[in-house]
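Please read the structure below before turning to the comments.
Numbering (the working numbering), first residue to last: 3 to 631.
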């Protein structure tokens with residue numbers, strides 16, 4: 003008996019070691035996948051799911067001698083990370099945090115302001131996908147209408163986490179990038195909400211028996227989910243604004259609140275927790291509280307870790323027989339209809355009558371990768387419905403994973419090529435990114451904007467940002483030391499960088515960090531006071547003149563806050579004018595404007611402008627030249 007006990011103890015210890023190795027391996031592989039995605043500028047979901055399939059069903063079928071998975075998510079009697087239904091609980095909690103983050107990004111004001119195209123895409127476009135996908139799934143795979151509608155609800159979502167890496171290196175017209183970006187952000191929680199509601203309806207309907215009881219239960223789910231989400235969002239906001247929670251506990255307290263709301267709502271009305279956290283995120287996201295940015299950063303970091311673990315687990319949990327369910331021509335037909343018929347119809351209908359050209363509309367219809375929320379919720383709902391014996395539920399997870407992987411692979415490999423074929427690829431990036439939004443920057447930005455250039459100002463000073471927006475300028479409240487700018491696909495048409503802050507260190511840092519990405523046509527910065535006082539130290543990236551730093555420019559802008567144009571006769575005339583501006587502290591040269599209206603940024607080597615012809619104009623800041631010539 004003693005020997006038997008020792009053997010059991012050894013087996014238990016060995017099992018614990020294996021589980022620890024599996025858990026550690028998942029975290030390491032997940033973060034490695036995230037790094038690979040960042041390095042090669044591909045959506046992280048792609049390597050995550052591929053790794054999960056490799057260590058799961060593929061390993062069991064082809065690589066493992068005993069036919070077991072390298073990572074077994076559910077305890078099978080011998081090994082596995084999650085006993086019983088605990089995987090469901092982990093997935094539910096992880097998805098709740100991811101959906102809460104999605105809800106935080108959904109600004110109701112932005113839905114109104116982003117334009118009719120994006121509004122139609124997230125409404126009319128979603129309806130086309132919802133009904134079109136359901137009809138296709140029903141008649142191609144012969145699934146019940148309930149399961150078909152759940153599938154179509156899940157594939158509505160196109161998340162920003164998959165679109166951003168695909169479009170990051172494709173220079174596009176700002177309007178096209180903005181449409182794709184905002185569609186991904188806004189449709190994420192909306193699609194999740196639709197999927198949750200469809201799932202709740204299936205759950206309470208007993209697999210399709212739409213009885214009076216089912217409708218009552220469905221109403222309870224919507225009521226409790228909405229009520230708990232709305233109430234606790236306001237309660238949390240009130241507590242934070244009253245400073246009842248210390249700053250160092252702010253993020254973890256918010257996390258605990260989200261999990262608490264999820265569990266509490268679920269106890270009152272089964273499966274209402276996901277709805278509650280989406281509503282909670284939406285309410286908090288629209289409260290405009292000062293702590294929101296910090297909270298969002300924390301949730302983003304947490305989501306990266308959860309996503310890394312979650313999708314390896316979910317993909318590994320798929321069995322080979324589930325993959326074989328979709329290993330047929332029906333899958334190819336379904337995928338083709340979803341991608342090449344339903345998506346284009348939705349986009350073309352939503353963009354009808356807009357300012358977008360046909361080639362731009364076609365490109366938007368081509369780029370529609372499904373993302374993390376779709377895959378995560380599909381796995382959760384598929385597992386739960388299959389466990390409850392709902393017919394056809396076993397198809398949900400593999401079908402959605404197929405659409406996610408297929409669309410990500412298709413768009414990641416062909417988006418750049420298709421942009422060139424469609425004629426939306428910008429051969430030359432003419433946009434200008436101005437670092438610093440002081441009065442000087444705002445004057446220059448406003449002039450450039452009125453002359454047809456896409457201008458974006460960035461600054462960490464909220465007042466400067468506010469004043470820039472009052473002038474109608476695009477301005478971002480951003481810290482240049484963060485990586486948020488590199489992920490902003492709306493800056494894809496930027497080819498010039500001008501660092502105009504009062505800090506020489508920031509100006510130099512901006513050039514070094516963003517020069518390659520945003521300054522392919524030219525990266526410039528203001529000279530320092532030391533460089534200005536040393537005629538021999540004139541940097542090639544210097545701006546405007548060797549006699550003007552930030553302080554002198556600010557003085558000129560304060561005394562003469564206007565940008566002028568002065569017609570040039572020839573190269574000699576230009577050089578004489580530049581000589582005059584170099585000696586007059588109240589005049590600073592900015593650009594040379596040619597006969598076609600094109601602008602050339604003047605560097606601190608301001609006499610070395612390549613071409614000057616009669617009719618060209620000197621653009622300058624300061625007192626009018628007419629008064630001194």
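Even glycine gets a Cβ: it sits at the ideal position worked out from N, Cα and C. Just so you know, these numbers come straight off a predicted model, no measurement behind them.
Quiz item: Roughly how many angstroms lie between the CA atoms of residue 52 and residue 330, to the nearest whole one?
Solution: On the chain shown, position 50 is the one that residue 52 refers to. On the chain shown, position 328 is the one that residue 330 refers to. C-alpha separation (whole angstroms): 20 Å.
Self-check item: Start-to-end residues for the alpha helix (DSSP H) that takes in residue 452
Solution: Counted from its first residue, the chain shown places residue 452 at position 450. That run of the alpha helix (DSSP H) goes 441–452.
Practice problem: Report the three-state DSSP secondary structure of residue 185 (helix, strand or coil). | Solution: Along the chain shown, one-based indexing puts residue 185 at 183. Note: residue 185 maps to helix in three-state DSSP.
Quiz prompt | For residue 30, the nearest candidate out of 613, 308, 98 and 145 (CA to CA) | solution = Residue mapping note: residue 30 aligns to position 28 of the chain shown, counting from 1. Ranking 613, 308, 98 and 145 by Cα distance to residue 30 puts 308 first.
Quiz item: Tell me, which residues are paired with residue 513 by DSSP?
Solution: As a first step, residue 513 must be located in the chain shown, where it is residue number 511. Paired residue(s): none; residue 513 is not in a bridge.
Practice problem: Could you check what DSSP says for residue 144 in three-state terms: helix, strand or coil? | Solution: Indexing the chain shown from 1 puts residue 144 at position 142. The answer is coil: DSSP assigns residue 144 none of H, G, I, E or B.
Exercise. Count the other C-beta atoms from every protein chain shown that fall within 10 angstroms of the C-beta of residue 338, then say buried if there are 16 or more, exposed otherwise.
Key: Along the chain shown, read from residue 1 onward, the residue named residue 338 stands at position 336. Under this definition residue 338 is an exposed residue.
Quiz prompt | Helix, strand or coil at residue 460 according to DSSP, with G and I counted as helix | solution = The residue given as residue 460 occupies position 458 in the chain shown. Reduced to three states, the DSSP call for residue 460 is strand.
Quiz item: Are the region 437–452 and the region 461–477 touching, with three or more C-beta to C-beta distances below 8 Å?
Solution: Yes: the two stretches touch, three or more of their Cβ pairs being nearer than 8 Å.
Quiz item: residue 76: buried (16+ other C-beta within 10 angstroms of its C-beta) or exposed?
Solution: As a position in the chain shown, residue 76 is number 74, starting the count at 1. Residue 76 comes out buried.
Practice problem: Could I get the ranges of all uninterrupted alpha helix (DSSP H) runs contained in the region 69–105, with 4 residues as the minimum, in chain order? | Solution: For the alpha helix (DSSP H) assignment, the region 69–105 encloses no uninterrupted run of at least 4 residues.
Practice problem: Find the nearest neighbour of residue 123 within the set 184, 142, 628 and 591, judged by alpha-carbon distance. | Solution: The count along the chain shown starts at 1 and reaches residue 123 at position 121. It is 184 whose Cα lies nearest to the Cα of residue 123.
Quiz item: Does DSSP put residue 296 in a helix, in a strand, or in coil?
Solution: Working through the chain shown from its first residue, we reach residue 296 at position 294. Residue 296: helix per DSSP, three-state reduction.
Self-check item: Selected residue, minimal CA-CA separation from residue 49, among 447, 203, 538 and 32
Solution: Taking the first residue of the chain shown as position 1, residue 49 is located at position 47. The residue among 447, 203, 538 and 32 with its C-alpha nearest the C-alpha of residue 49 is 32.
Quiz prompt | Cα-Cα separation between residue 36 and residue 404, rounded to whole angstroms | solution = As a first step, residue 36 must be located in the chain shown, where it is residue number 34. As a first step, residue 404 must be located in the chain shown, where it is residue number 402. Taking the straight line joining both Cα atoms gives about 20 Å.
Quiz item: What number of angstroms, rounded off, separates the C-alpha of residue 390 from the C-alpha of residue 202?
Solution: Along the chain shown, read from residue 1 onward, the residue named residue 390 stands at position 388. Along the chain shown, read from residue 1 onward, the residue named residue 202 stands at position 200. Answer to the nearest angstrom: the Cα atoms are 13 Å apart.
Exercise. Output the distance between the C-alpha atoms of residue 157 and residue 132, rounded to the nearest integer angstrom.
Key: Residue numbering aside, residue 157 sits at position 155 when the chain shown is read from its first letter. Residue numbering aside, residue 132 sits at position 130 when the chain shown is read from its first letter. Residue 157 and residue 132: Cα-Cα distance of roughly 8 Å.
Quiz prompt | Stretch-stretch touch, CB-based, cutoff 8 Å, three pairs: the region 567–578 with the region 517–535 | solution = no
Quiz item: So who's on the other strand from residue 476, going by DSSP bridges?
Solution: Locating residue 476 in the chain shown gives position 474, where the first residue counts as 1. 458, per the DSSP bridge assignment.
Self-check item: CB-CB length for residue 1 against residue 243, believed under 8 Å
Solution: What the structure shows of the chain is the stretch from 3 to 631, and residue 1 is not part of that stretch, so it cannot be assessed.
Quiz item: Under the rule that 16 or more other beta-carbon atoms within 10 Å means buried, what is residue 100, buried or exposed?
Solution: Position 98 of the chain shown, counting from 1, holds the residue named residue 100. Per the 10 Å Cβ criterion, buried.
Practice problem: Check whether the region 275–295 touches the region 351–365, taking contact to mean three or more Cβ pairs, one atom from each stretch, closer than 8 Å. | Solution: no
Quiz item: Identify the residues that DSSP records as bridge partners of residue 544: which are they?
Solution: One-based indexing of the chain shown puts residue 544 at position 542. 527.
Exercise. Just mark residue 345 as buried or exposed, buried being the case when its beta carbon has 16 or more other beta carbons within 10 Å.
Key: Numbered from its first residue, the chain shown carries residue 345 at position 343. Residue 345 is buried by the Cβ-count criterion.
Quiz item: Can you tell me whether DSSP reads residue 249 as helix, strand or coil?
Solution: As a working mapping, residue 249 is identified with position 247 in the chain shown. Helix at residue 249.
Quiz item: Does the region 588–604 touch the region 541–558, meaning 3 or more C-beta pairs lie closer than 8 Å?
Solution: yes
Quiz item: Hey, which unbroken runs of the alpha helix (DSSP H) at 4 residues or more fall wholly within the region 237–291?
Solution: 252–270 and 275–287
Practice problem: Below 6 Å CB to CB, which residues in the same chain sit around residue 209 once its five sequence neighbours on both sides are set aside? | Solution: Reading the chain shown from its first residue, position 207 is the one you call residue 209. Any reading at residue 209 is ruled out, since the residue's pLDDT is 44, under 50, leaving its predicted position unreliable.
Quiz prompt | Proximity below 7 Å, CB of residue 568 to CB of residue 623 | solution = Against the chain shown, residue 568 aligns to sequence position 566. Against the chain shown, residue 623 aligns to sequence position 621. No, these two residues do not count as a Cβ contact at 7 Å.
Quiz item: Are three or more beta carbon pairs between the region 262–269 and the region 314–323 nearer than 8 Å?
Solution: no
Exercise. Return the CA-CA distance between residue 44 and residue 34, expressed in angstroms with no decimal places.
Key: As a position in the chain shown, residue 44 is number 42, starting the count at 1. As a position in the chain shown, residue 34 is number 32, starting the count at 1. Their backbone Cα atoms lie some 13 Å apart in a straight line.
Quiz item: Under a three-way DSSP split, which group does residue 504 fall into?
Solution: Translated into the one-based positions of the chain shown, residue 504 becomes position 502. Coil at residue 504, not helix or strand.
Exercise. Determine, using beta carbons only, whether residue 335 and residue 142 come nearer to each other than 7 Å.
Key: Numbered from 1 along the chain shown, position 333 holds the residue referred to as residue 335. Numbered from 1 along the chain shown, position 140 holds the residue referred to as residue 142. Yes.
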